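In the UniProt record's numbering, the protein residues as written are 1 to 135. We put the beta carbon where it would ideally sit given N, CA and C, even for glycine. All figures in this text were calculated on a predicted structure; none of them were measured in a lab. To keep things clear, I will list the structure first and then write my remarks on it.
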Amino acid sequence: MHANHPASAVEPLPGAPSRAVGRAVDYIEANLSEPLQLSEIAGAACMSRFHFARTFREQTGLSPMEYLRMRRIERARHLLRTEGQRVCQVASALGFYDQSHFVRWFRRSLGCTPTAYVRAAVPSGCQPCDGAPCR
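Following this line, the structure appears as C-alpha cells:
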C-alpha cells in the first residue's frame with residue numbers, strides 16, 4: 001500500500017488505491033493515538049461518510065474502523081514485544097477508551113490477551129499466540 005506501512009497491513013484490491021483512500025490511510029497512520037471518528041477520517045479524504053466508507057471497503061476489503069483497529073493492534077504488538085511497554089500504557093498510547101477495551105480488541109484480533117502475548121514472546125524459540133516467530 002504505502003512504503004512506510006508494515007507488510008502485514010491490509011493490501012488493497014488490485015490497482016492503486018484512490019488518492020482519497022491514500023489520504024485517509026495517511027491520516028489514520030498519523031493519528032493512531034487519537035480517538036478517531038468515521039466523519040473525521042472521511043473529512044481527511046474529502047468525502048461524505050457514506051461514500052468514503054463504501055469506497056474504502058471496496059479498495060481495502062475492510063471498513064475504515066476495522067482498518068483503524070487492525071493498525072492499532074499491529075502497533076500494540078510492536079510496543080508490547082519490542083518496547084516492553086505495559087498493557088495500560090499501550091492502551092492509552094493507541095487511543096483505546098480504557099485498558100479493558102484494548103484487551104477485548106486484542107483478544108478478538110489475536111486470540112489471546114496482551115499479557116499472554118508478551119509472555120509467549122519471551123525469547124526462547126517461542127511462538128506468540130498469533131503464530132509469528134519472536135525476534
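Spanning the alpha carbons of G111 and A121 requires a straight line of approximately 14 Å. As summarised for the stretch 30 to 71, the continuous alpha helix (DSSP H) elements at least 4 residues long and confined to that stretch are 38 to 44, 49 to 60, given in chain order. DSSP places E83 outside both helix and strand once states are collapsed to three, so it counts as coil. In its chain, beyond the 5 residues on either side, V103, F106, R107 have a beta carbon closer than 7 Å to the beta carbon of T113. A direct Cα-to-Cα measurement between L38 and T82 gives close to 30 Å. The C-alpha of R49 lies about 5 Å from the C-alpha of A42. The Cβ atoms of R69 and A45 do not sit closer than 8 Å to each other.
As the crow flies, the alpha-carbon of A53 is around 9 Å from that of L62. The beta-carbon separation of R72 and L94, rounded to 5 Å, stays under the 8 Å limit for a contact.
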